[in-house]
Amino acid sequence: MIKKKIEIYSDEFYPLSIDRIEIDLNIRSNYDEEGIIELSESIKKYGLLNPIRVYEKDDKYVIIFGHRRFLACQRAGRNSINCIISQKPDSVKNIFLQLTENFQREEILSADFEKYINMLKYEYKLSVKEIAEKMNKSEGYLHRVIKAFDTREKNKEIFTKTGFTPTTHDLMILNNCDEETMKEAINMVCENPGDKTKILEKASKECSKKPRINNVKENKDVINYELKIKISKNEYEKKVIFNLLDITKNSDKDLLFFIENSISNYFIDIGYMINR
């Protein structure tokens, strides 16, 4: 069991005492208890196959990723755990490391993934392009993830009351639905979970047919938007630059987001890179 301070930073691993390891930032809000138990039983039989990654803090070591493996080793009664010791990452890099590791293992909840992509954009002020490059995801996909996070936040009460836990993909389907249609669709899904995707897609299609502005007969206040779109294409480098200008400075933010997202997705789908 290691008691001394380790100064070497490499991909080699070292057995560290369990009681010297701490959990700090963890992008996962909760764990599947059954999964932890199953993993702990596997560790008892076969040992830990993949080390966790930590950094040194005072006389302790803080987990960068491998939280689930650490909890399973604790449950299995292990006194030590194999660790790769790294330098302390900055906050943004730490989030990226955890997002990537959990996303590759398909162990991250949709809500957690959306939350931290949103945090990188709005709290750490990274552009969607920067996040996309680091995550190896398309900008269009991440725009839809950010929109899904907004949809989840706006409809928390509905999801809590019905007990429905939507995936990011579910929210991407529902993001154009009004509250009433969404409630009806979710209630139907709760009654017929096997038809979830079919029900949600039907609700989305119904909402897409509805007018997106208030009926003039019901609301006499008419708001005019004036937008200007400028698009420049580089055929040789397969790059597109576009700007969406809100001339009247009063356009609906969701509408602007929808237009930007649609333009980005169109060019990404035909093989262009988006430069903003």
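Position 144 of the sequence shown, counted from 1, bears residue number 144 in the numbering used here, the numbering being contiguous throughout.
All C-beta atoms in this analysis are idealised placements derived from N, C-alpha and C, irrespective of residue type, glycine included.
Bear in mind that the values here come from a model prediction, so they are computed numbers and not experimental data.
Open item on the list: Measuring straight from C-alpha to C-alpha, what distance separates residue 57 and residue 228?
Closed with: 52 angstroms
Task: Stretch pair the segment 81–90 + the segment 44–64: three plus CB contacts closer than 8 angstroms - done: yes
Open item on the list: Taking the straight line between their C-alpha atoms, what separation do you get for residue 33 and residue 39?
Closed with: 10 angstroms
TODO: Have a look at 46, 44, 17, 155 and flag the residue whose alpha-carbon is nearest the alpha-carbon of residue 176.
DONE: 155
Task: Reduced DSSP secondary structure (H/G/I, E/B, other) of residue 177 - done: coil
- [ ] Look up residue 53 in the DSSP assignment and say whether it is helix, strand or coil.
- [x] strand
Open item on the list: Using a 10 Å radius around the Cβ and a threshold of 16 neighbouring Cβ atoms, would you call residue 190 buried or exposed?
Closed with: exposed
TODO: Pair every Cβ in the segment 166–181 with every Cβ in the segment 146–155, then say whether three or more of these pairs are closer than 8 angstroms.
DONE: yes
- [ ] For residue 17, name the three-state secondary structure that DSSP assigns.
- [x] strand
TODO: Assign residue 180 to buried or exposed, taking buried as 16 or more other Cβ atoms, counted over all protein chains shown, within 10 Å of its Cβ.
DONE: exposed
TODO: With hydrogens ignored, establish whether the beta-carbon of residue 151 is closer than 6 angstroms to any heavy atom of the ligand FAD.
DONE: Among the components modelled here there is no ligand, and therefore nothing to report on the ligand FAD.
- [ ] Taking 7 angstroms as the cut-off, decide whether the C-beta atoms of residue 240 and residue 266 are in contact.
- [x] no
- [ ] Have a look at residue 236 and residue 161 and give me their C-alpha separation to the nearest angstrom.
- [x] 53 angstroms
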